[in-house]
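Reading the sequence shown from the start, the letters are residues 12 to 221 in the numbering used here. To start, the structure itself, in structure tokens.
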Amino acid sequence: MSRIVLIHGFATGVRYSVFRDAHGADAGFKAFRELVEQGDATAFRWDIQETASFWQTINPLYILGVYRRERALASHPETHEALARFFADESPEIVICHSLGACLLLEHIRRHGLPDSVRRIVFTQADAHPREFAFCEALEERLRNGSLTMINAHCPWDPSLWCSLVLNGARAGLAGARHPLVRDVFWPLVKPINLHTSAIRSPGFPKVCV
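Structure, rendered in structure tokens:
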């Protein structure tokens, strides 16, 4: 069992030609790699695993196709059944979701609820609409009495989420969840190359989470 469960976002399992390998055991949560290696954290893998050619890698229509397939996976019953089993096996205290992983977890909460073991949920650059932060009455009671804490780390200059905004509307990872029981925290994205994953690659970010 692991104290921390990591739920990754988009395209974690895709190898992009010579540009980027598929992510390993940390699922792209580089800042949590040591915790993963120690067994204190583990990633729930729900990604599409495939290798993109050079031409696919530079083709935005291919990237969009992977995104749409993974959004469909985030709602698929088999994905949620697998996550329910994963939670039962791990009994985590903390769940950290990045990007499309936030969409997956929010849908899972609506379908299956949340294990009693979970005491804190952290969303970072959540690819989810603020209205998706609507919880069942029992979960809202946990949030009110302090037995569960939810944090939404967001930043307005995330180019990946601006693309998602065009496709899907407002994103909680850009401007906050705007829910009275969810604590919105501004986390500036500063690491280059891929700003969207800056937080989960930043050494200081785990301090927000644990």
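Every residue, glycine too, gets a C-beta built ideally from N, C-alpha and C.
Check                                                                                                                                                                        : Outcome
Comparing alpha-carbon positions, which option in 203, 206, 187 lies nearest residue 197?                                                                                    : 187
Starting from residue 108, trace the beta strand (DSSP E) both ways and give me its first and last residue.                                                                  : 105-109
Assuming residue 26 is part of the beta strand (DSSP E), what are its boundary residues?                                                                                     : 25-27
Could you check which residue in 13, 32, 23, 14 has the C-alpha nearest to that of residue 211?                                                                              : 23
Measure the alpha-carbon distance for residue 53 versus residue 132 and round it to whole angstroms.                                                                         : 15 Å
Leaving out five residues before and five after residue 36 in sequence, what residues of the same chain have Cβ atoms less than 6 Å from its Cβ?                             : 47
In the DSSP assignment, the alpha helix (DSSP H) including residue 131 goes from what residue to what residue?                                                               : No alpha helix (DSSP H) holds residue 131; the beta strand (DSSP E) holding it covers 131-135.
Is it true that the CB of residue 78 sits closer than 8 Å to the CB of residue 21?                                                                                           : yes
Under 7 Å from any heavy atom of the ligand SAM, does the C-beta of residue 39 make it?                                                                                      : As far as ligands go, the structure on display features none, and thus does not contain the ligand SAM.
CA-CA distance, residue 113 and residue 164?                                                                                                                                 : 11 Å
Check residue 211 in the structure and name its three-state DSSP category.                                                                                                   : helix
Candidates 166, 148, 134, 156: which alpha carbon is nearest residue 217's?                                                                                                  : 134
Using only the alpha-carbon positions, how far apart do residue 136 and residue 122 sit?                                                                                     : 22 Å
Need the endpoints of the beta strand (DSSP E) that residue 195 sits in, please.                                                                                             : 194-197
Enumerate in chain order the residues of its own chain whose CB-to-CB distance from residue 60 is below 6 Å, with the five nearest sequence positions on each side excluded. : 24
Measure the Cβ-Cβ separation of residue 166 and residue 200 and say whether it is below 8 Å.                                                                                 : yes
Which whole-angstrom value is the C-beta distance of residue 126 and residue 98, which I expect to be below 8 Å?                                                             : 5 Å
Within 10 angstroms of the Cβ of residue 144, are there 16 or more other Cβ atoms? Answer buried if so, exposed if not.                                                      : buried
For residue 44 and residue 27, I'd like the C-alpha separation in whole angstroms.                                                                                           : 21 Å
Near residue 159, which residues of its chain fall below 8 Å by C-beta distance, leaving aside the five closest residues on each side in sequence?                           : 125, 129, 130, 131, 132, 150, 153
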